[in-house]
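Below: the structure, in structure tokens.
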Amino acid sequence: MTTPQQVEPAIVARAVSSRLRVGRLTRAGQAVTLTQADGTTCGATCLLAARLLLAPGERRALTDELSWEEAVSSEPGREGRRLARLLSRHQLRIQRAMNRSGLGPVPWPKALGSTPWSVARQITEIVSTCVPGRERRVYAVRWVSDHGPAWGSEVASIRKVLAGGLPVILVTGGPLVLDNDTVAEPGAGSVGSAGSRLRSALARTPAVPRHYVLALPWQVIEQDDPGERSVHIYEPSSGSVRALDLTAPRDPHRPGPRELGGWPRILAVIAPEN
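The UniProt record's numbering numbers the first residue of the sequence shown as 1 and each following residue consecutively.
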């Protein structure tokens, strides 16, 4: 009598201990924290996170791909390393696909990450594919002022989308240099003083986009509603999932909260326009 072959469970994506963990979650060393492959793939990693959280089919395909690489029969630690490499390759594929037409007919350079409009097109396709049975939601880029009188209404709109089970991507950034109140060392003289003044001046330059983070529907990650001004945010450089009050005061010239990747400003919201 033939003994049935044991079937390994499928890969899952889940918020565990304030991290977005991807893997089987059955033995130590099988799961990894989803983090960006390099300094340019924050947008692609947010998109990959959305796909893994929203689409069971995406997780099954990843399971099959991992099995194809013969990781199922290897020791658990090695499976986790294989999975980390596989997730990095997926990020780079997503980024290449976006950047081929990042400026319409002109490709966008990898060194500059990905444009918000490319990210908006990709998240539109992900939601259309992964959340069937509802009206097609087209994501658009909205440039916002996160310290103006309309910001409270914008936060309410973001939370309404999340309450409906759909993700929102936030574009964060800041000035060319963040002011850390660096004091010139004793003996630095006029050179140190001039450097400090230059840094302070650069910290007052207009904010520029630097990073993407993913605001997550709390039902999807099996968490409670974080509160009327707050959202759960996946930050791809660390893989963290934490709640953040979007209306809390932030100095636009100094380092921001870790949930925004250390940047003080939210410059744009990528959310459904309909």
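We put the CB at the ideal spot given by N, CA and C, even for glycine.
Bear in mind that the values here come from a model prediction, so they are computed numbers and not experimental data.
Is it buried or exposed for Leu53, if we count other Cβ within 10 angstroms and need 16 for buried?
That one is buried.
From Val72 to Pro107, what does the alpha carbon distance come to, in whole angstroms?
Residue confidence for Val72 is low, a pLDDT of 49 falling below 50, so the modelled location carries little weight and cannot support an answer.
Give me the residue from Ser230, Arg93 and Gly152 with the minimum Cα distance to Gly113.
Comparing Cα-Cα distances from Gly113 to each of Ser230, Arg93 and Gly152, the minimum goes to Arg93.
Does the Cβ-Cβ distance between Trp143 and Leu267 come in under 8 Å?
Yes, they are a contact pair.
Determine the burial state of Arg100: buried for a count of at least 16 other Cβ atoms within 10 Å of its Cβ, exposed for fewer.
The residue is exposed, with fewer than 16 neighbouring Cβ atoms inside 10 Å.
Can you tell me the Cα-Cα spacing of Glu154 and Val138, whole angstroms?
Rounded to whole angstroms, Glu154 to Val138 spans 18 Å at the Cα level.
Going by DSSP, name the residue or residues bridged to Arg142.
Arg142 pairs with Val269.
Mind reading off the beta-carbon distance from Leu87 to Thr172? Whole number of angstroms is fine, and I expect it under 8 Å.
Not a contact, Cβ separation roughly 22 Å.
Using CA coordinates, which residue listed in His253, Gly256 and Pro236 is at the minimum distance from Arg21?
Measuring from the Cα of Arg21, the nearest candidate turns out to be Pro236.
What residue range is occupied by the uninterrupted beta strand (DSSP E) comprising Ala215?
Taken as a continuous stretch (DSSP letters only), the beta strand (DSSP E) holding Ala215 covers Val208 to Leu216.
In or out: Gln219 buried (at least 16 other Cβ within 10 Å) or exposed?
It counts as exposed.
State whether the stretch 44-61 contacts the stretch 198-214, with contact taken as three or more CB pairs (one from each stretch) at a distance under 8 Å.
The stretch 44-61 is in contact with the stretch 198-214.
Can you find the residues in the same chain that come closer than 7 Å, C-beta to C-beta, to Val269, ignoring five residues on each side of it along the sequence?
Same-chain partners within the cutoff: Arg142, Val144, Glu154, Ile158, Val168 and Leu170.
Going by beta carbon distance, what residues of the same chain come within less than 6 Å of Val208, once the five residues before and after it are set aside?
The residues are Gly173.
Consider the C-beta atom of Ser153 and the heavy atoms of the ligand HEM; say whether any pair is separated by less than 7 Å.
Ligands displayed in this structure: none; no statement on the ligand HEM is therefore possible.
Would you kindly work out how many angstroms separate the C-alpha atoms of Leu162 and Ala50, rounded to a whole number?
Cα to Cα, Leu162 sits roughly 12 Å from Ala50.
Going by the DSSP bridge assignment, what does Ile233 pair with across the sheet?
Beta-bridge pairing links Ile233 to Ala215 and Arg242.
Does the Cβ of Ala248 have 16 or more other Cβ atoms within 10 Å, making it buried, or fewer, making it exposed?
Flag for Ala248 reads exposed.
Identify, in the order they occur along the chain, each residue of the same chain with its Cβ nearer than 6 Å to the Cβ of Val177, setting aside the five sequence neighbours on each side.
Correct list, in chain order: Arg199, Leu202 and Ala203.
In chain order, what residues of the same chain have a beta carbon less than 6 Å from the beta carbon of Val191, not counting five sequence neighbours either side?
Confidence at Val191 is low in this model, with a pLDDT of 49, below 50, so its placement is unreliable and no value can be given for it.
Nearest CA to the CA of Ala10: which residue from Ile126, Thr26 and Arg60?
Among Ile126, Thr26 and Arg60, the Cα nearest to that of Ala10 belongs to Arg60.
Under three-state DSSP, which class holds Ile11?
Ile11 falls in the coil class under three-state DSSP.
What three-state label does DSSP hand Arg21 in the structure shown?
Residue state, collapsed to three classes: strand.
Rounded to whole angstroms, what is the Cα-Cα separation between Val12 and Glu222?
Roughly 13 Å between the two C-alpha positions.
Can you say whether Asp146 is buried or exposed, counting buried as having 16 or more other CB atoms within 10 angstroms of its CB?
Asp146 should be labelled buried.
With distances taken Cα to Cα, identify the nearest neighbour of Ala140 among Val119, Leu246, Pro264 and Arg85.
Among Val119, Leu246, Pro264 and Arg85, the Cα nearest to that of Ala140 is on Val119.
Within the same chain, show all residues whose beta-carbon is closer than 6 Å to that of Ala84, passing over the 5 residues directly before and after it, in chain order.
Excluding positions up to five away in sequence, the list reads Val32.
Thinking C-alpha only, which one of Thr26, Ala37, Gln30 and Gln91 is nearest Ser238?
Closest option to Ser238, Cα to Cα, is Ala37.
Does the separation of the CB atoms of Asp251 and Pro264 fall below 8 Å?
Going by C-beta atoms, Asp251 is nearer than 8 Å to Pro264.
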